[in-house]
Amino acid sequence: MIGPRLARLSGWVSATVWAVNVGLLAAAAAWVYLDGGAPHSVEAIAELRAGSTWSDQTTALASAVVAAAATAVVMLLMLFIGPPWCRSTKAWLLFTGVVCGWLGLGILWPDLYWAGQQRRVASELAAATEFARQLSTDWPTNDGELPGVGMFLAYPKGAPTVMLLIGTAEIPGTGLWFTLVERGPGGVLRFELAGDESDAWLEWRPDGSSPETYVGGLETHYRLRRDTRLSDQWVLSRYDAGPG
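In the UniProt record's numbering, the protein residues as written are 1 to 244.
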């Protein structure tokens, strides 16, 4: 027979383990949705590069993954040897739900991140619109320097359609970083985002057109992967880049 003290301890441990695991699941989902740097940490852990130096965020994520796995194992054991409430049908159903939650997050986290990225970028559109209009009106014809942005190269020579920055810069008045701008037909401007929002393009489309696969001014072939309209004139997109 298990004594009252041991039974209370077992119940406390079980409740704590469940709370920690469910809390980690909720925190992980919120982090993926809210943090623009989430993919970089996930990729670093997935690659498990030997001798690589992880950021504090990546180290914290790895610790959370270990904690989630450890508490899940304890939760499973408690279904067999825990207090009565842990061995009930309801507990089994709850455990199945939590496992499905983790599996769903592991599979669908890119879509959750994409939804969060749309929210973050959409909040910057007012200032981005002002800059896009200025750039469209005064599109560079040669290499030069843009106030608030820095030095850039214009390609191809003679009739440039690409403004390639020497480094990265913020779109003035926003928290969005970019590395180049492609100019397309109809006054379209495609900003290749950098920093936390890298792997995405913010496209100003004053004609209301939609993104499609195209060949850029640097002879790079961009195959449209996904896109979503943020407003009448702005679209967030992703492309797979390769040789033309």
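Built from N, CA and C at the ideal position, the CB exists for glycine as well.
Apart from the five residues just before and just after residue i, which ones in its own chain have a Cβ nearer than 6 angstroms to its Cβ?
| i | result |
| --- | --- |
| Gly242 | His221 |
| Thr213 | Arg223, Leu224 |
| Trp109 | Val32 |
Contact check, residue i vs residue j under 8 angstroms by CB: the rounded distance?
| i | j | result |
| --- | --- | --- |
| Asp138 | Gly37 | Their Cβ separation, rounded to whole angstroms, is 33 angstroms, which puts Asp138 and Gly37 out of contact at 8 angstroms. |
| Leu165 | Leu189 | Not quite, the Cβ-Cβ distance comes to about 14 angstroms (not below 8 angstroms), so this is no contact. |
| Gly144 | Pro172 | About 16 angstroms; that fails the 8 angstroms criterion. |
Taking the C-alpha atoms as reference points, what is the distance between residue i and residue j?
| i | j | result |
| --- | --- | --- |
| Arg120 | Asp111 | 14 angstroms |
| Tyr33 | Ala64 | 17 angstroms |
| Ala50 | Pro160 | Residue confidence for Ala50 is low, a pLDDT of 48 falling below 50, so the modelled location carries little weight; the figure read from the coordinates is stated next. Each residue's alpha carbon lies about 43 angstroms from the other. |
| Ala19 | Tyr113 | 24 angstroms |
| Cys100 | Val66 | 18 angstroms |
Which of the three DSSP states, helix, strand or coil, is assigned to residue i?
| i | result |
| --- | --- |
| Asp240 | strand |
| Leu202 | strand |
| Glu43 | helix |
| Ala50 | Only weak support exists for where Ala50 lies, its pLDDT of 48 falling under 50; the value from the coordinates is given anyway. It is coil, neither helix nor strand. |
| Thr179 | strand |
| Asp227 | strand |
| Val215 | strand |
Quick one: residues in its chain with C-beta nearer than 7 angstroms to the C-beta of residue i, no 5 flanking neighbours on either side, listed in chain order?
| i | result |
| --- | --- |
| Trp92 | Leu79 |
| Trp85 | Ala91 |
| Asp240 | Arg223, Arg225 |
| Val22 | Val98 |
How would you call residue i, buried or exposed, if buried means at least 16 neighbouring beta carbons within 10 angstroms?
| i | result |
| --- | --- |
| residue 249 | Here the chain covers residues 1 to 244 and nothing more, so residue 249 does not appear. |
| Ser14 | buried |
| Val235 | buried |
| Leu230 | buried |
| Arg87 | exposed |
| Asn142 | exposed |
Just to confirm, does residue i get its C-beta within under 7 angstroms of one of the non-hydrogen atoms of the ligand HEM?
| i | result |
| --- | --- |
| Tyr33 | Ligands are entirely absent from the displayed structure, and the ligand HEM is therefore not among its contents. |
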